[in-house]
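Note sheet for the following structure.
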Amino acid sequence: MRMVDIIMKKRDGGSLTKEEINFFINGYCKNEIPDYQVSALLMAIKFVGMSRIEIFDLTEAMLHSGEIVDLSSINGVKVDKHSTGGVGDKTSLVIGPLVASCGAKLAKMSGRGLGHTGGTLDKLESIPNFKIALSDEEFFSAVNEVGMAIISQNNNLVLADKKMYALRDVTATVDSIPLIASSIMSKKLASGSDAILLDVKYGEGAFMKTKKDAYELAKLLVEIGTRFNKDTRAEITNMNEPLGMAVGNSLEVIEAINTLKGHGPKDLTEICLHSASTMLLQAKLFKTREEALQKLQENITNGKAFEVFCKFVEKQHGDVSYIKDISLFPQAKHTYQVHATTSGTVKQVKALEIGTISMILGAGRKEKDDAIDMASGIVLNKKVGDKVVSGELLCTLYTEHDDYMDIVDRLRDAFVIDPTNKKVKLQLIAAEISKDDLN
Ligand code: URA
Numbered sequence: 003m004r005m006v007d008i009i010m011k012k013r014d015g016g017s018l019t020k021e022e023i024n025f026f027i028n029g030y031c032k033n034e035i036p037d038y039q040v041s042a043l044l045m046a047i048k049f050v051g052m053s054r055i056e057i058f059d060l061t062e063a064m065l066h067s068g069e070i071v072d073l074s075s076i077n078g079v080k081v082d083k084h085s086t087g088g089v090g091d092k093t094s095l096v097i098g099p100l101v102a103s104c105g106a107k108l109a110k111m112s113g114r115g116l117g118h119t120g121g122t123l124d125k126l127e128s129i130p131n132f133k134i135a136l137s138d139e140e141f142f143s144a145v146n147e148v149g150m151a152i153i154s155q156n157n158n159l160v161l162a163d164k165k166m167y168a169l170r171d172v173t174a175t176v177d178s179i180p181l182i183a184s185s186i187m188s189k190k191l192a193s194g195s196d197a198i199l200l201d202v203k204y205g206e207g208a209f210m211k212t213k214k215d216a217y218e219l220a221k222l223l224v225e226i227g228t229r230f231n232k233d234t235r236a237e238i239t240n241m242n243e244p245l246g247m248a249v250g251n252s253l254e255v256i257e258a259i260n261t262l263k264g265h266g267p268k269d270l271t272e273i274c275l276h277s278a279s280t281m282l283l284q285a286k287l288f289k290t291r292e293e294a295l296q297k298l299q300e301n302i303t304n305g306k307a308f309e310v311f312c313k314f315v316e317k318q319h320g321d322v323s324y325i326k327d328i329s330l331f332p333q334a335k336h337t338y339q340v341h342a343t344t345s346g347t348v349k350q351v352k353a354l355e356i357g358t359i360s361m362i363l364g365a366g367r368k369e370k371d372d373a374i375d376m377a378s379g380i381v382l383n384k385k386v387g388d389k390v391v392s393g394e395l396l397c398t399l400y401t402e403h404d405d406y407m408d409i410v411d412r413l414r415d416a417f418v419i420d421p422t423n424k425k426v427k428l429q430l431i432a433a434e435i436s437k438d439d440l441n
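The sequence shown maps to residues 3 to 441 in my numbering.
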């Protein structure tokens with residue numbers, strides 16, 4: 003077999019066989035096929051697409067290109083969740099303790115933030131001493147004892163994705179639905195959980211800009227998971243404005259703590275309760291969503307969900323005194339309040355812009371190895387649909403940088419205020435997909 007023939011076949015609209023896909027993935031992982039040939043094939047896939055069978059074969063080949071985690075030493079049903087990424091998305095920090103407090107097990111591997119999107123690991127590292135690298139034994143024992151653990155992705159997992167993702171990033175081939183789906187699902191399947199919930203975000207601040215693309219990706223992800231005999235479900239959710247009020251690492255941890263105590267923003271609470279109830283149904287711990295929701299609410303009110311969060315932080319060596327007293331989190335050097343200069347109803351809070359500004363303020367990284375500031379970011383005071391009077395607070399920025407005044411007008415402009423006061427409401431959860439919705 004020759005790689006050039008495989009590239010030519012795909013370029014001309016053909017379908018690749020399982021053997022051809024295995025040849026390319028294995029050869030690439032063994033460094034027998036060079037980056038330039040893989041780049042050419044990725045671009046052909048970007049333009050021509052792939053059939054369902056090709057996507058399943060690609061996912062399978064990628065899945066077996068590294069270690070597959072064996073979670074069998076963890077008792078109970080292991081549920082996993084994955085969000086395609088957004089701004090202010092701290093849902094794992096809330097959903098984990100919620101589902102664990104009801105008896106499900108979350109053994110999660112997470113990533114870091116890049117560009118305008120935040121990463122769960124960065125948020126967790128804003129808790130002093132929190133360790134994201136645990137040995138397998140520590141990881142399994144944390145999940146068994148506490149019900150959850152969140153660690154960095156094992157380096158030996160899905161080697162093909164590690165190599166290919168870096169290549170896609172520099173060859174303009176990230177935005178291909180077959181490549182995104184096989185990349186996400188090979189990692190989720192290799193992580194070893196019994197059930198997977200995918201939060202596919204769409205809109206201005208998301209990977210998928212339209213609901214239609216998000217729907218297509220979500221359906222494909224569910225099809226792949228189902229094919230590999232995992233209970234896989236997806237939610238399609240709105241990322242046209244940031245989720246919750248806080249954007250930035252320790253700011254988001256504080257918001258997650260408040261949400262677990264029942265004082266979180268409405269949208270964040272709604273999405274976390276919905277996702278957690280779906281995961282409890284997947285774990286077969288409840289028969290109906292209503293029962294699951296009732297228990298989740300109960301565990302917020304009686305403090306059990308917050309208790310799990312404290313134990314989780316302790317087990318991963320984090321300083322739990324910060325969780326019990328959030329005033330201990332250090333404040334950024336500069337705080338600046340941004341006020342409205344017009345009146346009306348907030349029509350849009352540009353998620354991409356808020357995420358980008360937050361990164362510029364120090365909360366995120368432009369490049370993979372950039373350092374980040376834990377206390378920097380933005381706390382919104384107004385969201386879509388809120389009324390605003392000129393002079394009212396729109397948001398507060400937090401930064402360690404001394405030259406932040408340049409960004410204040412940009413931040414104000416991220417809030418689009420409609421003077422005609424037309425009613426506007428974002429639909430948070432647009433659709434859900436399970437195997438019953440596949441045709
Ligand atoms: N997230 C992934 O893990 N892979 C992609 O290709 C895109 C988003």
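For glycine and all other residues, C-beta sits at the position ideal for the given N, C-alpha and C.
In this structure, Asn301 lies near Ser103, with their beta-carbon atoms less than 8 Å apart.
Within the model, the alpha-carbon separation for Thr343 versus Leu222 is close to 45 Å. A straight-line Cα-Cα distance of about 15 Å links Gly264 and His276. About 12 Å separates the beta carbon of Ile70 from that of Met111, a gap too long to meet the 8 Å contact definition. A Cβ-Cβ contact shorter than 8 Å links Lys349 with Ile419.
A Cβ-Cβ distance of about 24 Å is found for the pair Leu108 and Pro244, leaving them out of contact under the 8 Å criterion. Applying a distance threshold of 5 Å between residue Cβ atoms and the heavy atoms of the ligand URA selects Ile182, Ser185 and Ile186, given in chain order. CA-CA distance, Gly87 to Gln155, rounds to 16 Å. Around the beta carbon of Glu34, fewer than 16 other beta carbons sit within 10 angstroms, so the residue counts as exposed. Put simply, the backbone Cα of Ser17 is about 12 Å away from that of Leu60. With the rule of 3 Cβ pairs closer than 8 Å, the segment 423-431 does not count as touching the segment 397-413. The beta carbon of Ser392 sits closer than 7 Å to those of Ala342, Thr343, Thr344 and Ser345, all from its chain and outside the five residues before and after it, given in chain order. At least 8 Å separates the beta-carbon of Ile359 from that of Ile256.
Distance from the CA atom of Met5 to the CA atom of Thr173, rounded to whole angstroms, is 18 Å. Comparing alpha-carbon positions, the option among Asp177, Met241 and Ala192 lying closest to Val202 turns out to be Met241. Separation of Glu140 and Gly117 (C-alpha to C-alpha, rounded to the nearest whole angstrom) is 31 Å. In this structure, Pro130 sits away from Met52, with a CB-CB distance that is not shorter than 8 Å.
The beta carbon of Gln39 sits closer than 6 Å to those of Met5, all from its chain and outside the five residues before and after it, given in chain order. The alpha-carbon separation between Ala353 and Gly205 amounts to approximately 9 Å.
The Cβ atoms of Leu191 and Lys165 do not sit closer than 8 Å to each other. Contact between Thr347 and Lys389 is confirmed by a C-beta separation of about 6 Å, below the 8 Å threshold. Under the three-state reduction of DSSP output, Gly29 falls in the helix class.
By the neighbour-count definition (other C-beta atoms within 10 Å, threshold 16), Met3 is an exposed residue. Taking a C-beta distance under 8 Å as the contact criterion, Ser75 and Ile27 do not qualify as a contact pair. By the neighbour-count criterion, in which 16 or more other beta carbons inside 10 Å mark a residue as buried, Arg54 falls on the exposed side.
Put simply, the backbone Cα of Ile409 is about 24 Å away from that of Phe209. By the C-beta criterion, the segment 268-287 is judged to be in contact with the segment 89-102, since at least 3 inter-stretch pairs fall below 8 Å. As the crow flies, the alpha-carbon of Met64 is around 29 Å from that of Leu283. In this structure Ser41 is not in contact with Leu126, their Cβ atoms being roughly 34 Å apart against a cut-off of 8 Å.
Looking at the backbone, the Cα of Ile226 and that of Tyr338 are separated by about 47 Å. The residue from Ser184, Gly366, Val81 and Lys20 with its alpha-carbon nearest to that of Val249 is Gly366. A straight-line Cα-Cα distance of about 42 Å links Thr212 and Ser323. Using a Cβ distance threshold of 8 Å, Ala197 and Ala220 do not count as a contacting pair.
A straight-line Cα-Cα distance of about 34 Å links Ile356 and Val50. Counting only runs of at least 3 residues, the segment 181-233 fully encloses the following beta strand (DSSP E) elements, listed from N- to C-terminal order: 197-204.
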